[in-house]
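Student: So that we are looking at the same thing, I have put the structure below in structure tokens.
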Amino acid sequence: MVLNSRSKLAKLCEWNGNPIEGKILDDYKLKSDVSLSYNETNMKNKSFENKLFEIIKEIKDEIVSIKADITILKGFHNI
16 MVLNSRSKLA KLCEWNGNPI EGKILDDYKL KSDVSLSYNE TNMKNKSFEN
66 KLFEIIKEIK DEIVSIKADI TILKGFHNI
């Protein structure tokens with residue numbers, strides 16, 4: 016299962032018009048795709064519900080990380 020969250024990230028960030036920032040969103044999407052794909056292959060013996068909860072937790076962790084990076088990037092743009 017690969018989740019495409021670029022559009023959700025773009026709405027969350029509201030700054031995807033800049034090509035550099037668009038590249039950052041692509042990089043996050045790639046990291047999320049690889050992470051979720053890897054975890055899916057290693058969770059074959061778990062119940063479907065447990066898989067979903069683990070994937071949701073990973074997505075939440077990624078969002079927290081992205082929000083922190085956005086705060087840092089906004090700080091750089093204000094310099």
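Under the working numbering, residues 16 to 94 are what the sequence shown spells out, in order. Every residue gets a Cβ at the ideal spot worked out from N, C-alpha and C, and that includes glycine. Keep in mind the model is a prediction, meaning the values are calculated, not measured.
1. My output table needs one value for S62: the three-state DSSP class, helix, strand or coil.
2. Between E69 and I85, what straight-line distance do the alpha-carbon atoms span, to the nearest angstrom?
3. Buried or exposed: where does I81 fall if 16 or more other Cβ atoms within 10 Å of its Cβ makes it buried?
4. Taking the alpha-carbon positions, what's the L88 to V79 distance?
Tutor: Let me spell this out:
1. coil
2. 24 Å
3. buried
4. Their backbone Cα atoms lie some 14 Å apart in a straight line.
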